[in-house]
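Here's the structure we're looking at; comments come further down.
Number of protein chains: 2
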Amino acid sequence: MNIYDVAKQAGVGIGTVSRVLNGSAKVKPETRERVQAAINQLDYVPHGAARSLGSGRSHVLGLVVPFFTRPFFIEVLRGVEMAATAHGYEMVLYNVETTTQRDHYLRQLPMRRRVDGLLVVSLFCDESEAERFRKMNLPVVLVDSYNPLLTSLVVDNISGARQAVEYLISLGHRQIGFVNGVKVGSFNFNKADDRMSGYRQALANSDIPYNPEWVSATEWTRAGGREGARQLLLLPQRPTAIFAASDVQALGVMEQAQAQGLRVPQDLCIIGFDNIELAELLNLTTVAQPMHEMGKQAVERLLAEIECPQPPQTVMMDVTLVHRSTTAPLAAPNVSAFSTASVRDGVWATQQNIITEG
Amino acid sequence: MNIYDVAKQAGVGIGTVSRVLNGSAKVKPETRERVQAAINQLDYVPHGAARSLGSGRSHVLGLVVPFFTRPFFIEVLRGVEMAATAHGYEMVLYNVETTTQRDHYLRQLPMRRRVDGLLVVSLFCDESEAERFRKMNLPVVLVDSYNPLLTSLVVDNISGARQAVEYLISLGHRQIGFVNGVKVGSFNFNKADDRMSGYRQALANSDIPYNPEWVSATEWTRAGGREGARQLLLLPQRPTAIFAASDVQALGVMEQAQAQGLRVPQDLCIIGFDNIELAELLNLTTVAQPMHEMGKQAVERLLAEIECPQPPQTVMMDVTLVHRSTTAPLAAPNVSAFSTASVRDGVWATQQNIITEG
DNA sequence: TTGTACGCGTTATCAA
DNA sequence: TTGATAACGCGTACAA
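So the protein lines, in turn, are chains F and G.
Mind the numbering: the first sequence is residues 80 to 437 in this note's numbering, read in order.
Mind the numbering: the second sequence is residues 80 to 437 in this note's numbering, read in order.
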């Protein structure tokens, strides 16, 4: 059951069927109808592989993403999915959890085009790889990562971190901890560095000395955040507020605070980064990234590049601080334990009361 | 840069190159090495589409899943991804959010094999569709759904629901609400019905009359769960415990309890279904499904079917009740408001104390 | 064990 | 506006 069958059934040549299939302009309406009827009658659907082979286009986008089950990536993925299907593209998922996998996907996969383009999320991409993409004529867009040779969509991590810490300072905090993420292999390369820069800039702007003891770099996980917080909170001179490099880590910080009997926000203020769904649920103050929008824009730029080569471009997306109830003005020392807040003010208890989200 | 270039470079015919590429037995080690060297030297990677066209195999698995961002599906997806890559298969994601999309993917997509097999998750599949798959010789495995003509992986939803409700009864509850999920179009067809059956069976087994007022069917979302709980909890005679058809809905129930000032588990016990990551985090008692395992098994059965046709089989996976801290023995009436629990016993506060997970 | 020729189902290019 | 025909790159009989 192929294009010849349809042609025969409709009494035309295969060229005409192909034109109808691809919505080519030059075909008489009457003929088109006849072909269409034959197609419907035979339940004919073109063969994808043959089509790819002939046209050099697969209408498939490759998506290289680390740890795709993590909320941040899921949200980006969602934006990608919506945009891709809207434009008639399919999406194949390459999950990266090891450096080997990363190298494999970024080196082998592009060589012969099973995909029309590649979206690389949160993965560092070196010059030689970028150069190879160019040589192969494989359109690539980076999301949450940067390379001068490739179109890159980044959020302003420095500014986001700075805003978060400046907000804490404005609340009266001076002892501000930072639970950063680690740079594992080639993952999340600039992210950790940039958020660190933002943290230090904010401190410097207010002439607060930088204290390396108040910084820890952990896995980008709940357990990591928890461990990081444990280190900071057991110091003789502990931070009164902690900025975490991701919401997931912030979650771990909250758990650790809970475990040590510290109330949030009275005894410890917490700010996360990302604004995943859970952040809203737990009323976590956080730096919001436009994750859906990033996915969508990435697809659109990639498709543009597939249509015709574009000069590499770096797009900076804005972040916004979302005020929720894990932050509050610094309580006067030694009074915090009996502050004005209700005794039931756990994280969950406050959630219905203090909503300043805007 | 194709197989001919490699052949020329190695001084052999393309047949030999092909044999090397596909690990065919009959090739002299010396020749193999020469070909391999040429492949490496030219950075040659075979063209996927051409390969598919020639062999009739794409090494791609289609994954049709509704609302893939929801935790249950993500977990299944994760299992699928691991198994698929382990076997050298790629994975293309078809997200379904409307009946139109469902029909499209289940009717058009299979017609001409871009994929070697299809995994359909939580979607009802009717006889005619199953029949069509058979006619097309397209291997299909159903996950969390059932059709007699197709290999189906299901969990025992009836038993799971029954276990949950029986547990509540064993704790002394007699007024047990049920926040079920709706059957939207062709989504989650049997699931809602089966969990309802389990609920009613448990009641019947203990001679507790079924009270339709204590049942509501909502969206499978947090907002849905919340709305369902609102209906039940505002009744003059309100339930003392609520069983929710999914963890996500249970979350909504928790929120609503919180909003009405009901303490969990003293004033209201809650059991969910699925055991998503969040359930552990919030210490929600729930019925656990082996989500990763389902994804993995599904892939393995699908691959087996791709190798050679198998008779349809229904595999029942076990569920297990996970005891956490949103359930407790029913407090004596009128005492619950001043029970022995600490005043700070919100959901979060209890989480470190009452852990009976096994 | 190796090389050759053909087929897979399209798209694209021409000439009509 | 249409039909014939040559790619597309590989797998695979079949012949050597």
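No residue lacks a Cβ here, since even glycine has one placed at the ideal position from N, Cα and C.
Check                                                                                                           : Outcome
Neighbour flag for Y173/F against chain G, beta carbons, 9 Å                                                    : yes
Inter-residue spacing [alpha-carbon to alpha-carbon] between A416/G and V343/F                                  : The pLDDT assigned to A416/G is 39, lower than 50, so where the model puts this residue is not dependable; a value taken from the coordinates is nonetheless given after this. If I take the Cα positions, the gap works out to 25 Å.
Test: R459/G CB closer than 9 Å to a CB of chain F                                                              : There is no way to answer for residue 459/G, as the model of chain G reaches only from 80 to 437.
Buried or exposed (CB count within 10 angstroms, at least 16 for buried), D353/F                                : buried
Proximity of Q328/G and G374/G at Cβ, strictly below 9 Å                                                        : no
Contacting residues, own chain, Cβ-Cβ under 6 Å from F147/F (five flanking each side not counted)               : N174
Residue from T110/G, N362/G, V366/G, M395/G whose Cα sits closest to the Cα of S404/G                           : N362/G
Chain F contact residues for S131/G, given Cβ-Cβ distances below 7 Å                                            : A128
Residues from the region 330-351 of chain F in contact with chain G, defined by Cβ distance under 7 Å           : Q337, A338
Three-state class that DSSP yields for L341/G in the structure shown                                            : coil
For G304/G and R241/F, the rounded distance between their alpha carbons                                         : 38 Å
Chain G contact for Q187/F (CB, 9 Å cutoff)                                                                     : yes
Buried versus exposed call for T179/G [16 or more other C-beta atoms within 10 Å across all chains shown]       : exposed
Which of helix, strand or coil DSSP assigns to P145/G                                                           : strand
contact_flag[the region 245-261 of chain F, the region 314-334 of chain F] where n(CB pairs < 8 Å) is 3 or more : yes
Close Cβ partners of S285/F (< 7 Å) along its chain, the five nearest in sequence each way excluded             : I248
Any C-beta of chain G under 9 Å from that of F147/F                                                             : yes
Selected residue, minimal CA-CA separation from R136/G, among H183/F, T319/F, A129/F, R317/F                    : A129/F
7 Å Cβ cut-off: residues of chain F touching S137/G                                                             : A128
Proximal residues to N413/G (C-beta, below 8 Å), its chain only, five neighbours per side dropped               : Because N413/G carries a pLDDT of 45, less than 50, the predicted location of this residue cannot be relied on, and the following value inherits that uncertainty. Nothing listed; no residue qualifies.
Interface flag, S415/G vs chain F, CB-CB below 9 Å                                                              : For S415/G, the pLDDT reaches just 41, beneath the cut-off of 50, and the residue's location in the model is therefore unreliable, leaving the point undetermined.
Q254/G vs P318/G beta-carbon contact at 9 Å                                                                     : yes
Beta-carbon proximity list for A302/F, same chain, < 7 Å, skipping 5 on both sides                              : G331
Under 9 Å by beta carbon: chain F residues contacting M170/G                                                    : V171, L172, Y173, N174
Limits of the alpha helix (DSSP H) - the one that Y246/G falls within                                           : 236-249
Cβ neighbours of D84/G in the same chain (closer than 8 Å, five flanking residues each side left out)           : L121, Y123
Beta-carbon spacing of S231/G, P391/G below 9 Å                                                                 : yes
C-alpha gap between K270/F and S224/F, whole angstroms                                                          : 8 Å
C-alpha gap between E306/G and V401/G, whole angstroms                                                          : 25 Å
Assigned exposure category for G102/G - 16 Cβ within 10 Å defines buried                                        : exposed
Rounded Cβ spacing between V219/G and G196/G (contact assumed at less than 8 Å)                                 : 7 Å
Inter-residue Cα distance where the pair is A383/G and H166/G                                                   : 11 Å
Interface flag, V200/F vs chain G, CB-CB below 9 Å                                                              : no
Cα-Cα separation between I385/F and D205/F, rounded to whole angstroms                                          : 22 Å
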